[in-house]
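Mapping to our numbering: the sequence shown position 29 is 29, numbers consecutive. Ideal Cβ positions, reconstructed from N, Cα and C, are used throughout, including at glycine.
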Amino acid sequence: MEAGMAAKAITVTLGEMTSHAERHLASGRYASMSEVMRAGLRALDREEAVLDELVRVRVAEALADPRPPMPIDKAFAQVRAAIDKA
1 MEAGMAAKAI TVTLGEMTSH AERHLASGRY ASMSEVMRAG LRALDREEAV LDELVRVRVA
61 EALADPRPPM PIDKAFAQVR AAIDKA
């Protein structure tokens, strides 16, 4: 939980994921379903941070690319031609 934030009870409907969460709880690694959910949210935060960094890197690479920009119609035409060749 973020510093200074009070705990707030919420209701979450997991649907098909309920048994998955229950397996994590039954493993003994977590003391409560709340701990399972917090661990899942922390994992999601880590995954999103990795994806955000990947996007930043790819955008920086694209901006640094010395080749002239290509109109989207031409780019799609080249992709279609490559697919037709395959």
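Just to check my reading of the structure: Met-17 and Leu-25 have Cβ atoms closer than 8 Å, yes? What is that Cβ distance to the nearest angstrom?
Met-17 to Leu-25, Cβ: 12 Å. No contact.
Three-state secondary structure (DSSP) at Gly-87?
Not covered by the structure: residue 87. The range shown for the chain is 1 to 86.
If you measure between the beta carbons of Ala-14 and Ala-21, is that distance less than 8 Å?
Inspection of the sequence shows that residue 14 is occupied by Leu rather than by Ala. Yes; because the gap between Cβ atoms is below 8 Å, this pair is in contact.
Please report the distance separating the alpha-carbon of Leu-63 from that of Gly-40.
35 Å
Here's the rule: buried if 16 or more other CB atoms are within 10 angstroms of the residue's CB, otherwise exposed. What is Val-36?
With at least 16 other beta carbons inside 10 angstroms of its own, Val-36 counts as buried.
For Arg-29, which three-state DSSP category applies?
coil
Apart from the five residues just before and just after Tyr-30, which ones in its own chain have a Cβ nearer than 8 Å to its Cβ?
If we look at Tyr-30 and ignore the five residues flanking it on each side, its Cβ neighbours are His-24, Val-36, Ala-39.
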